[in-house]
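Input: a single structure, listed below in structure tokens.
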Amino acid sequence: MILVTGGAGYIGSHCVLSLLEKGEDVVVFDSLELGHQETVDTLKLNFPKNFIDFIKGNLQNYDEINEVFNLHKIDAVVHFAAFSQVGESVKNPQKYYFNNVYGSLNLFKAMLEHDVKKIVFSSTAATYGEPEYIPIDEKHPQNPINPYGNTKLMIERILDDYDKAYGLKNVRLRYFNVAGADEKSRIGEWHEPETHLIPNILKSTFSGGKTFQMFGTDYNTVDGTCVRDYINVEDLINAHLSALDYLNNGGETNYFNLGTTDGNSVKQVFTACEKVTGKDIPVEVKGRRAGDPASLVADNKKAKEVLKWTPDKTLEDSVKSAYKWEKVLQERLERQAK
Ligand SMILES: NC(=O)c1ccc[n+]([C@@H]2O[C@H](COP(=O)([O-])OP(=O)(O)OC[C@H]3O[C@@H](n4cnc5c(N)ncnc54)[C@H](O)[C@@H]3O)[C@@H](O)[C@H]2O)c1
5 MILVTGGAGY IGSHCVLSLL EKGEDVVVFD SLELGHQETV DTLKLNFPKN
55 FIDFIKGNLQ NYDEINEVFN LHKIDAVVHF AAFSQVGESV KNPQKYYFNN
105 VYGSLNLFKA MLEHDVKKIV FSSTAATYGE PEYIPIDEKH PQNPINPYGN
155 TKLMIERILD DYDKAYGLKN VRLRYFNVAG ADEKSRIGEW HEPETHLIPN
205 ILKSTFSGGK TFQMFGTDYN TVDGTCVRDY INVEDLINAH LSALDYLNNG
255 GETNYFNLGT TDGNSVKQVF TACEKVTGKD IPVEVKGRRA GDPASLVADN
305 KKAKEVLKWT PDKTLEDSVK SAYKWEKVLQ ERLERQAK
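Numbers 5 to 342, taken from my numbering, label the letters of the sequence shown in order.
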């Protein structure tokens, strides 16, 4: 049985879906502070024959997470639960250190208490900070430039020490920019507020949507706008399944970048959104935002070699599935508002 923390959130729910499709038994642990009960209900509805238990609880409460291990025989953990808004982490670092670091410490304590020694952890490209070279490989120095990145790097360090001392085998997956949704639009990205580029561009095409704001057009990149590496959420989750197999086969603690190695500029993403939606999307060009590096692109050779993983979806695939999902979400929100 696999425990998925943060399984009611965007990426975690796609992991739950893939695990259920594989026939795994799954326990979802989520505070629902940012995740959605509807997401869990949809997963349950779509897999009536599978075992899926949802436990509402907060990692900051040791007893709540420890109880999950008392109730279920957990073999491995996939740990998504965290706060992840960079700007908010700068304004309120305490919220981030308590939730992400202290919450993870509680999770690891409960795992060790119950002799669970395998975990896949959601880390981030934000642990690298300002890039010294592109594409970024795993040897790139980790110097985060905000509290969010600091929390993720601290957890990586804790996991190293816990492996050495307690044999807690772990795989840290450093995501670049995650995009797209379930191809069948059962679940998708649903953040409030939404800070990610693709859903924000798409949202501006719906009634009541805000004009999309493009920050900075004078960077030293292909067209002056920031370049990021957009990795499709289904491809990303496949790497988690490979990481679980890797640990189950006795793999040592390791860490991998998850990206495509193809950078896309904000303007290129915007153009892809106009193509997929068939709409002229209103845009307002603004100045640079503080703390945005010009380019962030992953070198993904290590994940390809060790995890035998290859991402195969394009940016357009991600925009298409994100748009399909956004339509489902907007309809749902309209129904609920009536
Ligand atoms: N979305 C991206 O592009 C991206 C990039 C890099 C890394 N990540 C990491 O991936 C993970 C998932 O991101 P996401 O976009 O799905 O976020 P999300 O906010 O959609 O999901 C996180 C989930 O964790 C839950 N949660 C948070 N703190 C909790 C706690 N203390 N106890 C129990 N549940 C808690 C929330 O309610 C939410 O459902 C995060 O760890 C994030 O840092 C995401």
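No residue lacks a Cβ here, since even glycine has one placed at the ideal position from N, Cα and C. In this text the structure is predicted, and so the values were computed from the model without any measurement.
Between which residues of its own chain and residue i is the CB-CB distance below 7 angstroms, once the five residues before and five after are set aside?
i	result
residue 241	18, 19, 22
residue 201	270, 273
residue 166	112, 172
residue 58	32, 44
residue 223	229, 230, 298
residue 62	35, 68
residue 50	190
residue 70	114, 117
residue 106	64
Please state whether the Cβ-Cβ distance between residue i and residue j is less than 8 angstroms.
i	j	result
residue 4	residue 205	Because the chain spans 5 through 342 in this model, residue 4 falls outside it and cannot be assessed.
residue 117	residue 297	no
residue 283	residue 209	yes
residue 181	residue 235	yes
residue 54	residue 24	yes
residue 239	residue 145	no
residue 257	residue 174	yes
residue 185	residue 329	yes
residue 183	residue 322	yes
residue 8	residue 82	yes
residue 124	residue 47	no
residue 280	residue 320	yes
Assuming residue i and residue j make a contact with CB atoms under 8 angstroms, what is their CB distance in whole Å?
i	j	result
residue 225	residue 139	Contact flag wrong, Cβ pair sits at about 14 angstroms.
residue 187	residue 176	With a Cβ gap of about 27 angstroms, residue 187 and residue 176 do not count as contacting.
residue 243	residue 311	6 angstroms
residue 100	residue 130	Contact flag wrong, Cβ pair sits at about 12 angstroms.
residue 268	residue 231	7 angstroms
residue 85	residue 34	7 angstroms
residue 4	residue 326	Nothing in the structure corresponds to residue 4, since the chain is present only between 5 and 342.
residue 89	residue 199	6 angstroms
residue 128	residue 178	6 angstroms
residue 245	residue 60	About 25 angstroms separates the two Cβ atoms, so there is no contact after all.
In or out: residue i buried (at least 16 other Cβ within 10 Å) or exposed?
i	result
residue 303	buried
residue 39	buried
residue 253	exposed
residue 143	exposed
residue 172	buried
residue 309	exposed
residue 147	exposed
residue 337	exposed
residue 14	buried
residue 251	buried
residue 342	exposed
residue 52	exposed
residue 211	exposed
residue 317	buried
residue 110	buried
residue 104	buried
Counting only the same chain and skipping the five closest in sequence on each side, list residues whose C-beta sits under 8 angstroms from that of residue i.
i	result
residue 352	Outside the displayed range of the chain (5 to 342) lies residue 352, so it cannot be described from this structure.
residue 305	141
residue 5	28, 29, 30, 31, 55, 76, 77, 78, 79
residue 121	115, 170, 171, 172, 173
residue 41	12
residue 292	219, 220, 222, 223
residue 333	192, 194
residue 137	144
residue 197	none
residue 259	127, 142, 160, 175, 176, 177, 178
residue 203	193, 195, 326, 330
Might you give, ordered along the chain, the residues of its own chain that have their beta carbon closer than 6 angstroms to the beta carbon of residue i, omitting 5 neighbours on each side?
i	result
residue 43	12, 17, 191
residue 263	180, 233, 235, 302, 304
residue 93	100, 150, 151, 152
residue 108	159
residue 163	174
residue 227	269, 271
residue 91	none
Return helix, strand or coil for residue i, following the three-state DSSP convention.
i	result
residue 71	helix
residue 259	strand
residue 232	strand
residue 323	helix
residue 331	helix
residue 127	strand
residue 186	coil
residue 337	helix
residue 247	helix
residue 9	strand
residue 253	coil
residue 217	strand
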